Amino acid sequence: MITAYYHPGYAAPIGTHIMPIGKFALLAEALRTEPRVELAEPEPLAEADLLRVHTAEYVAAVRSGEPRALAESQKFPWSAELYPSVRLTGGGCLAAARQALEAGIAAALVSGFHHAHADHGEGFCTFNGLVVTIDALRAAGKIDRAAVIDMDLHYGNGTAALAASRPYLFNLSIYGNDYDRNQPYRDVAVARHRDGENHRSIALPNGSGRAEMLGALEAGLELLRAWGRPDLLLYQAGADPYREDPYSPLELGEDDLRARDRRVFEHARGEDLPIAWVLAGGYTKDTHRVVAVHHNTFRAALDVFE
Ligand SMILES: [Zn+2]
């Protein structure tokens, strides 16, 4: 049985937006028919949890709406419902991580974390729920070290920036949205984004299919092994590498992304690492395609863990 944390309050009223905020509810609905998945509601993050990672000025801006440019730096229109919704999505990630420490695996039907920096948001990410979760569990004495495997289409710049001052956190970002054609793929370990010891990145060339993507994942898992053993894995199972996604230059179909998810879960299971995953991005015009990719992540997890 896999617990998936969902709350109707995850969705802030952002109007017509490229971010399909309705996907959380659609996926929750689809999962109600999965006998081996149970839905649970998380508690919202406490403000103290946010303040371990984010500046007081930024947290106050998201809460109050002022200054407006800072409150909307993630590119959502600010409303009074925004702050409660992002405390809930972050709370979903924290709840899933706590559950993973007990049960081995859990999920949160949330997105919107990896571009968020300490003092501002970016790219539909308000607060960095991944790092907030890791710092909250460390403060509670539950973990010492944690790793993020980020396979969203986009580079996880916010998590990498936060990792730079957190040696207990390893961030691996395998991304595909801005590959430099002049850089040969074999140089996977070359720093593209001022990588550091504990924040590494691998760019997937435009047009990459399953073999390139799984090859990059193996190379990334080697980097993680070289860093050492985490007490917890957080996985960004992005649906935006999908070939029909408007942002994706990759050739990855539903089965390829399911194979990706399966490999990540096999790694966690094989090394006995608790793993919690979140949905991350996905912008394919037909939201049901996005939901299908996210649903497949559950199928992959059930294949490996049940
Ligand atoms: Zn993305």
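Once you know that position 92 of the sequence shown is 74 in the numbering used here, the rest is easy, because the numbers rise by one and skip nothing. We put the beta carbon where it would ideally sit given N, CA and C, even for glycine. All figures in this text were calculated on a predicted structure; none of them were measured in a lab.
Query                                                                                                                         : Result
Same chain, Cβ closer than 8 angstroms to G235, neighbours up to 5 away in sequence not counted                               : Y224, R225
Which listed residue (T108, V246, P231, L255) has its alpha carbon closest to that of I(-4)                                   : T108
Buried versus exposed, by CB contacts within 10 Å (16 or more), S155                                                          : buried
Limits of the unbroken beta strand (DSSP E) element including R45                                                             : No beta strand (DSSP E) contains R45, which is instead part of the alpha helix (DSSP H) from 38 to 46.
Buried/exposed call for S147, threshold 16 Cβ in 10 Å                                                                         : exposed
For R211 and A241, the rounded distance between their alpha carbons                                                           : 24 angstroms
Other residues of its chain near T115: CB distance less than 6 angstroms, five sequence neighbours each side excluded         : C75, L76, A79
Where T279 falls, given that 16 or more other Cβ within 10 Å makes a residue buried                                           : buried
Separation of A201 from E179, as counted between CA atoms                                                                     : 15 angstroms
P(-10) classed as buried or exposed, judged by whether at least 16 other C-beta atoms fall within 10 angstroms                : exposed
First through last residue of the alpha helix (DSSP H) which encompasses N278                                                 : 269 to 287
Closer than 5 angstroms to ligand 1: residues, by C-beta to nearest heavy atom, in chain order                                : D134, L135, H136, D222, G263
C-alpha distance - E253 paired with V246, whole-angstrom precision                                                            : 11 angstroms
DSSP beta-bridge partners of S147                                                                                             : S147 pairs with nothing; no bridge assigned.
Cβ neighbour criterion (16 or more within 10 Å) applied to T(-2)                                                              : exposed
Spatial distance of L144 from E204 (CA atoms)                                                                                 : 22 angstroms
Neighbourhood of Q165 by C-beta distance below 6 angstroms, restricted to the same chain and skipping five residues each side : Interpretation of Q165 is limited by its pLDDT of 49, a score under 50 that renders its predicted location unreliable; the figure taken from the coordinates is listed afterwards. Around Q165: no qualifying Cβ.
Limits of the unbroken beta strand (DSSP E) element including W60                                                             : W60 -> no beta strand (DSSP E), and no H or E assigned at all.
Length at least 3, wholly inside the region 195 to 238: the beta strand (DSSP E) runs in chain order                          : 214 to 218
DSSP beta-bridge partners of T(-15)                                                                                           : E20
In DSSP terms, what D132 is bridged to                                                                                        : S155, Q218
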